[in-house]
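Here is the structure we will look at.
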């Protein structure tokens, strides 16, 4: 079974994302900030990370920068999920190591398409 780590400070977004991912056959873990997410990745690297941009403790950009420097940190597909939609933010996320980008709010179909684009659905 494929695994996905949802890193988002919004409990509602984590709940909605979990529901979508579980219907797509993923085993899901959650973290409410980047540091907690990084700790979970060091315990067990997921196949996919659904990553929020703006979070307390450690932002999404800080998370992905640290993740990609770790052993095995190049393996997970990272999909940024955020309200930031300008080209500069998208470019920054991709430059930092994100594989794909999805705008909040998103639905089942949109997330499934993004996961297909990174080869995970």
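Numbering (my numbering), first residue to last: 1312 to 1432.
Where is the CB? At the ideal position from N, CA and C, for every residue including glycine.
Note that this is a predicted model, so its numbers are computed, not measured.
Taking the beta strand (DSSP E) that residue i falls in, what are its first and last residues?
i, result
"residue 1413", "1411–1414"
"residue 1314", "1314–1318"
"residue 1281", "Residue 1281 is absent from the model: the chain starts at 1312 and stops at 1432."
"residue 1404", "First-last for residue 1404: 1398–1407, but that is the alpha helix (DSSP H), not the beta strand (DSSP E)."
"residue 1339", "1338–1342"
If you drop the 5 nearest sequence neighbours on each side, which residues of the same chain put their C-beta closer than 7 Å to that of residue i?
i, result
"residue 1374", "1318, 1345, 1348, 1349 and 1362"
Express the C-alpha separation of residue j and residue i in angstroms, rounding to a whole number.
i, j, result
"residue 1321", "residue 1393", "11 Å"
"residue 1410", "residue 1339", "19 Å"
"residue 1359", "residue 1430", "10 Å"
"residue 1381", "residue 1418", "31 Å"
Go to residue i, then tell me how far its alpha helix (DSSP H) extends in each direction, as first and last residue.
i, result
"residue 1374", "1371–1380"
"residue 1347", "1345–1354"
"residue 1420", "1419–1428"
Is residue i near the ligand ADP, with its Cβ less than 6 Å from a heavy atom?
i, result
"residue 1345", "You won't find the ligand ADP in this model; it holds no ligand whatsoever."
Looking at C-alpha atoms only, which residue of the options is the closest neighbour of residue i?
i, options, result
"residue 1412", "1390, 1323, 1430 and 1428", "1390"
"residue 1313", "1402, 1379, 1337 and 1376", "1337"
"residue 1255", "1316, 1406, 1315 and 1364", "Summary: the structure shown does not reach residue 1255, with the chain confined to residues 1312 through 1432, and so no result is reported for it."
"residue 1407", "1379, 1353 and 1354", "1379"
"residue 1353", "1334, 1316, 1323 and 1404", "1316"
"residue 1341", "1334, 1335 and 1323", "1323"
Considering only residues of the same chain and omitting the five flanking positions on each side of residue i, which have a CB-CB separation below 6 Å?
i, result
"residue 1426", "1432"
"residue 1422", "1331"
Leaving out five residues on either side along the sequence, give the residues of the same chain with a beta carbon under 8 Å from the beta carbon of residue i.
i, result
"residue 1356", "1383, 1384, 1386 and 1387"
| field | the segment 1366–1375 / the segment 1336–1353 touching (three or more Cβ pairs under 8 Å) | value | yes
| Is the segment 1319–1331 close to the segment 1394–1404, with three or more CB pairs under 8 Å? | no
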